[in-house]
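Worksheet: one structure, shown below.
2 protein chains.
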Amino acid sequence: MGRVSDAGERIVRAAARLFLTRSCQDVSIDDICAAADVRKGSFYHYFPSKADLVKAVVDLHASALWDAMDSARDTGGETAVRRLFAMADAIGAIQTEFEQRHGRVVGCPFGNLAAELSTINPELSDHLAQVLGEIERRLAVVCRAAVDEGAWRPGVDPDQLARSLNALIQGTILLAKVNGSCAASIGPALHSLVANHLKDDVAAVV
Amino acid sequence: MGRVSDAGERIVRAAARLFLTRSCQDVSIDDICAAADVRKGSFYHYFPSKADLVKAVVDLHASALWDAMDSARDTGGETAVRRLFAMADAIGAIQTEFEQRHGRVVGCPFGNLAAELSTINPELSDHLAQVLGEIERRLAVVCRAAVDEGAWRPGVDPDQLARSLNALIQGTILLAKVNGSCAASIGPALHSLVANHLKDDVAAVV
Chain A
647 MGRVSDAGER IVRAAARLFL TRSCQDVSID DICAAADVRK GSFYHYFPSK
697 ADLVKAVVDL HASALWDAMD SARDTGGETA VRRLFAMADA IGAIQTEFEQ
747 RHGRVVGCPF GNLAAELSTI NPELSDHLAQ VLGEIERRLA VVCRAAVDEG
797 AWRPGVDPDQ LARSLNALIQ GTILLAKVNG SCAASIGPAL HSLVANHLKD
847 DVAAVV
Chain B
647 MGRVSDAGER IVRAAARLFL TRSCQDVSID DICAAADVRK GSFYHYFPSK
697 ADLVKAVVDL HASALWDAMD SARDTGGETA VRRLFAMADA IGAIQTEFEQ
747 RHGRVVGCPF GNLAAELSTI NPELSDHLAQ VLGEIERRLA VVCRAAVDEG
797 AWRPGVDPDQ LARSLNALIQ GTILLAKVNG SCAASIGPAL HSLVANHLKD
847 DVAAVV
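If you read the protein sequences in the order shown, they are chains A and B. Using the numbering used here, the first residue of the first sequence is number 647, and each one after it goes up by one. Using the numbering used here, the first residue of the second sequence is number 647, and each one after it goes up by one.
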């Protein structure tokens, strides 16, 4: 791989960092070019518009998230509930990694962009909705597997639980960001929701 | 009240509308002056900086929220659980009002600004954290009252429940905004979390 593809990757990584540590709209294409050490003409060769770059940043984060969630699911334990806890921990671990790298909780890359851009760019909003829907779909698969293992209390709807968990992920990360809290609090907050839906005898052993 | 104080109020209301329908950073002071029909010199007489205006917009929304939450709490019913449901409905109703006025779910005014500004303006972040903390505090008072009424299943921590509910409010509204969902889904999503913490015999009668 030569200089050219390196430049494209440098742009995406610089933008990902600047969007997280500041915000998408606070960062100009000049800022990104300076951080990535590329010329503006080169930028437009890779990304005809800032929206195209935002999409690439979303895809970079999404790809890392699927790896982390799938690995947690595959190695998280014998039961679906343990796998679900491991997936929650994986999401907390990504926030801890951001916190270590940037010195504070910087928010969910998808949630941040959704809050900023949903009302002003329908195409980016759709792209973000797809990623956020995919998080819920991955959680729902494991929540449904836990039904087959008799883990949930009577009346718990696994799809509703996955929806709540997905919303709680966004809300917990956003509140940690605005409160200046520690990323270590995020995983346990998600565990608490899952634990509250378990049958007492299941909760006692996980 | 003369023209001058009207102008200050027009600026705050125009900014509140533009921040919700677009985003804070997408809206310039020129945009706000045009929408409020005031001259730029007049703007700076009321608000030395955009941050001062953002603070006034937050306070406008917060004042409306306290009225709605307190009224729901005071008229919501005989039990703390019913009052908590009424407070969740009041939050859903504010989103429905925004949806009717703006044609779509536009997000939580505090959550939107927190996502956009927390990393770039510590003072505004603190102000938003105080408002979001006050929502949690108001929910926690009622969650604790429900402990005294024996509403929760064993092991439920009312302060943790208020924290989860506060996070779920943010996450549910954000996901409704990005998914283009209906605001009517927000209240029931919050009910579902509360209901899941109730003892079976309490859940059967609320």
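We put the beta carbon where it would ideally sit given N, CA and C, even for glycine.
- Contact between valine 840 (chain A) and alanine 734 (chain A) holds, with the beta-carbon distance rounding to 7 Å and staying under 8 Å.
- Our two residues, serine 831 (chain A) and histidine 843 (chain A), have alpha carbons roughly 20 Å apart in a direct line.
- Non-local beta-carbon contacts of alanine 732 (chain A) in its own chain, meaning distances under 6 Å to residues more than five positions away in sequence, involve Ala718, Gly722 in chain order.
- Here the alpha carbons of leucine 814 (chain B) and leucine 711 (chain A) stand approximately 21 Å from one another.
- Judged by pairs of C-beta atoms under 8 Å, the region 695–704 of chain B touches the region 772–782 of chain B, as three or more such pairs exist.
- Under the criterion of beta carbons closer than 8 Å, serine 669 (chain A) and glutamine 671 (chain B) qualify as touching, at roughly 7 Å.
- For aspartate 805 (chain B), not one C-beta of chain A is nearer than 8 Å to its own C-beta.
- A residue is called buried once 16 or more other Cβ atoms fall within 10 Å of its Cβ, and cysteine 828 (chain B), having fewer, is exposed.
- Here the region 746–755 of chain B lies against the region 751–771 of chain A, with 3 or more beta-carbon pairs under 8 Å apart.
- Any Cβ of chain A closer than 8 Å to the Cβ of aspartate 676 (chain B) would place that residue at the interface, and such an atom is absent.
- Taking CB atoms only, lysine 823 (chain A) has a neighbour in chain B less than 8 Å away.
- For alanine 850 (chain B), there is no enclosing alpha helix (DSSP H), as DSSP marks it with neither H nor E.
- Alanine 835 (chain B) is positioned such that its CB atom lies closer than 8 Å to that of serine 810 (chain A).
- Cβ proximity to chain A below 7 Å picks out Thr765, Ile766, Ser771, Leu774, Ala775, Leu778 from the region 765–781 of chain B.
- If you draw a straight line from the Cα of phenylalanine 665 (chain B) to the Cα of glycine 796 (chain B), it comes to about 43 Å.
- Valine 752 (chain B) belongs to the set of residues whose beta carbon lies under 8 Å from a beta carbon in chain A.
- Note on proline 804 (chain B): 16 or more other CB atoms within 10 angstroms of its CB, so buried under the neighbour-count rule.
- Contact of arginine 668 (chain B) with chain A by beta-carbon distance below 8 Å involves Thr765, Ile766.
- Of all alpha-carbon atoms in A:Ala726, A:Ser709, A:Glu724, the one lying nearest the alpha-carbon of isoleucine 740 (chain A) is that of A:Ser709.
- Buried is the label assigned to glutamate 782 (chain B), since at least 16 other Cβ atoms lie within 10 Å of its Cβ.
- When the Cα atoms are used, aspartate 652 (chain B) and isoleucine 737 (chain B) turn out to be separated by approximately 28 Å.
- A straight-line Cα-Cα distance of about 12 Å links glutamate 743 (chain B) and cysteine 754 (chain B).
- Cβ neighbours of leucine 821 (chain A) within its own chain (closer than 8 Å, five residues either side excluded): Ser827.
- For the pair lysine 845 (chain B) and valine 851 (chain B), the Cα-to-Cα distance works out to about 10 Å.
- Annotated as proximal: alanine 760 (chain A) and leucine 778 (chain A), with beta-carbon spacing under 8 Å.
- Taking 8 Å as the cut-off, the Cβ atoms of arginine 656 (chain A) and valine 673 (chain A) do not count as close.
- A distance below 8 Å between beta-carbons, with the five flanking residues on each side excluded, links arginine 728 (chain A) to the following residues of its chain, in chain order: Gly722, Val852.
- For glutamine 776 (chain A), the enclosing alpha helix (DSSP H) stretches over residues 768–794.
- According to DSSP, residue pairing for leucine 844 (chain A) in a beta bridge involves A:Trp798.
- Counting only Cβ-Cβ distances below 7 Å, aspartate 672 (chain A) has contacts in chain B at Gln671, Ile766, in chain order.
- Taken through DSSP and simplified to helix, strand or coil, phenylalanine 689 (chain A) comes out as helix.
- The CB of leucine 711 (chain A) never comes closer than 8 Å to any CB in chain B; the least such distance is about 16 Å.
- Taking 8 Å as the cut-off between beta carbons, the residues of the region 805–820 of chain A near chain B are Gln806, Arg809, Ser810, Asn812, Ala813, Leu814, Ile815, Gln816, Gly817, Thr818, Leu820, in sequence order.
- The beta carbon of alanine 682 (chain A) lies closer than 6 Å to those of Arg656, Ile657, Ala660 in the same chain, with the five residues before and after it left out.
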